[in-house]
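Q: Let me begin by handing over the structure; questions about it come next.
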Amino acid sequence: MYIDDRLSTALHLTHEEQCTITETDMIDLRRVRYFVSAAEQLHFGRAAERMNVVQPAISQQIKRFEEELGSKLFERCGNEVRLTEVGQQMLPECRRLLEQADEAMRVARAVRTGMRGRISFAFVDNAVCSLLPPLIRSYRQRYPNVELRLQTLSREEQVAGLNDRRIDIGLLPGPVNCEGLESDTFVGGPLIAAVSRGHPLASQTSVPLKALQDEPFVLFPAGIKSRLLEIIIAACANAGFTPRVAQEAMHIHTVLALVDAGVGVTLVPPWVVREGVHDVSFVKLETSTPAYDLKFAWRTDSSNVALDGLRTIARTNCSPESLQASGSLSVIDQSQIVNLPYQSHELESSNDCPV
Numbered sequence: 001m002y003i004d005d006r007l008s009t010a011l012h013l014t015h016e017e018q019c020t021i022t023e024t025d026m027i028d029l030r031r032v033r034y035f036v037s038a039a040e041q042l043h044f045g046r047a048a049e050r051m052n053v054v055q056p057a058i059s060q061q062i063k064r065f066e067e068e069l070g071s072k073l074f075e076r077c078g079n080e081v082r083l084t085e086v087g088q089q090m091l092p093e094c095r096r097l098l099e100q101a102d103e104a105m106r107v108a109r110a111v112r113t114g115m116r117g118r119i120s121f122a123f124v125d126n127a128v129c130s131l132l133p134p135l136i137r138s139y140r141q142r143y144p145n146v147e148l149r150l151q152t153l154s155r156e157e158q159v160a161g162l163n164d165r166r167i168d169i170g171l172l173p174g175p176v177n178c179e180g181l182e183s184d185t186f187v188g189g190p191l192i193a194a195v196s197r198g199h200p201l202a203s204q205t206s207v208p209l210k211a212l213q214d215e216p217f218v219l220f221p222a223g224i225k226s227r228l229l230e231i232i233i234a235a236c237a238n239a240g241f242t243p244r245v246a247q248e249a250m251h252i253h254t255v256l257a258l259v260d261a262g263v264g265v266t267l268v269p270p271w272v273v274r275e276g277v278h279d280v281s282f283v284k285l286e287t288s289t290p291a292y293d294l295k296f297a298w299r300t301d302s303s304n305v306a307l308d309g310l311r312t313i314a315r316t317n318c319s320p321e322s323l324q325a326s327g328s329l330s331v332i333d334q335s336q337i338v339n340l341p342y343q344s345h346e347l348e349s350s351n352d353c354p355v
C-alpha cells in the first residue's frame, strides 16, 4: 500500500518531496494497525493485548514505522505515550486507510465467491417467454451485488460473443459443439403443435404431424438462421411434406399471436404454457420429432465464478420441473397437452433475433 496524497499532506511533504516517493516507500498495513491501536490505547501494553501480540512486537513495528516515515509518532513517557503532532494528523488518515483496505478485502472475497461481480448474459428470443423472468428474479434475490447485463442474441451471435469474450454465458439452442465451449441443457424436448382455440384439431388429444400437411403455417423467415426453423422443416420432411407458409414472423410470441388470430398453425418447443390472453391450443404430436433443447453455454476457460451461481439456480430453482412444483408456471406434460392457453412473454426483446 503506497503513501497516498492524504498521508503526504499529513506529513507536510512538498510537491517535490511527494514526487520523490518510490515503490520502496510502501506502508506496511500491519504497522498501520499497530499504530492505530497504540494511538487509541495510548499504551503499548494494552495495544499489544488488543492486537493479541507481545508488547515488544508493537514497540518494534511502530519504531520501524517511524523510521520509514522519518517522523516520530509518539512521545514516550514511561509506560504512557502521547501522540506527536504528526501522529495526531496521521491517525484519522490511517483509520481511513485501514477501512479502505478492509473494504477491498471484502470486495475481493465477494468476487472470489461469486457474490459480487458482473455477468454478460445473452439469450435467444423464445427463452424470454416464461423461462427467463423466474431465473432472473431468483438470481437477483440471491446475488444482489452481481450485475446482470442482459441482451437478446441469435445462436450464431452468442457463439461469436463467447469466442471473443464479449459475453460470459449464453442460453441458446443446442447442440453446442464448439471447441472451447461447455454447455448444459436447461430445458428441452420434442416439438408440439400450436393451433388456434377454434381450430378443428384443438379438441384432439394428439395428432400425427402429417395431419398438418394441408394447413397454412406461421414460421420464421426462410432466409434467417434458426435452429427451431431447421427442426420444424426437418420434422415435416420426415412426415412427407413441406410446410406451406402463410405468414412469417421474427419472434416466437409474434408467431403465436398470429396462430391465435387463425392465420395458421405452427410447431413450438414443449415448455411453458400459462393462462393469459392468447387462445392457442397445444396438441401432442404422435409423430416423433427432433428435440429442441435450450442450453447454457460458456467458455471452458472462463474465470467468472459468478457463473456458478447462475447455473446452480437455473438447475435447482428455475428448471421447468421445479417451477411447476412451486406453482410458478405450468409446464406442458406430453400426456396432458390439449387446450393449454399461452401467455405472451414478460420481457421485451430488443433485437430481431430468431431462435
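All letters in the sequence shown, in the order written, are residues 1 to 355 by the UniProt record's numbering.
All C-beta atoms in this analysis are idealised placements derived from N, C-alpha and C, irrespective of residue type, glycine included.
Tell me where the alpha helix (DSSP H) around G117 begins and ends.
A: Run containing G117: none in the alpha helix (DSSP H); it sits in the beta strand (DSSP E), 117 to 123.
Q: Mind checking which residues open and close the beta strand (DSSP E) that includes R76?
A: Residue range 74 to 77 is occupied by the beta strand (DSSP E) that includes R76.
Q: Please confirm whether S183 and K295 have their CB atoms less than 7 Å apart.
A: yes
Q: So E286 packs on S206, CB below 8 Å; how close in whole Å?
A: 5 Å
Q: Does DSSP put K284 in a helix, a strand or coil?
A: Note: K284 maps to strand in three-state DSSP.
Q: Find the nearest neighbour of D214 within the set V245, A235, R197, judged by alpha-carbon distance.
A: Considering only alpha carbons, the answer is V245.
Q: In angstroms with no decimal places, state the Cα-to-Cα distance between N145 and G117.
A: 7 Å
Q: By Cβ distance, which residues of its chain are closer than 6 Å to R82, with the 5 residues on each side in sequence left out?
A: E75
Q: Starting from A160, follow the alpha helix (DSSP H) in both directions and report where the run begins and ends.
A: Note, A160: alpha helix (DSSP H), 155 to 163.
Q: Start and end of the alpha helix (DSSP H) containing residue 367?
A: Outside the shown range of the chain (1 to 355) lies residue 367, about which nothing can therefore be said.
Q: Considering just the uninterrupted stretch of the beta strand (DSSP E) at F35, what are its terminal residues?
A: Unbroken run through F35 is the alpha helix (DSSP H), 29 to 41; no beta strand (DSSP E).
Q: What would DSSP say about D214, mapped onto helix, strand or coil?
A: coil
Q: Can the beta-carbon of V265 be found less than 7 Å from the beta-carbon of Q204?
A: no
Q: Do F123 and L171 have their C-beta atoms within less than 7 Å of each other?
A: Cβ distance < 7 Å, so F123 and L171 count as in contact.
Q: When the Cα atoms are used, what is the spatial distance from V111 to R33?
A: Approximately 25 Å between the Cα atoms of the pair.
Q: Buried or exposed: where does R30 fall if 16 or more other Cβ atoms within 10 Å of its Cβ makes it buried?
A: exposed
Q: Quick check on this structure: which residue in E230, E49, N238 has the alpha carbon closest to the alpha carbon of G174?
A: E230
Q: What's the call for V305, buried or exposed, on a 16-neighbour Cβ count within 10 Å?
A: exposed
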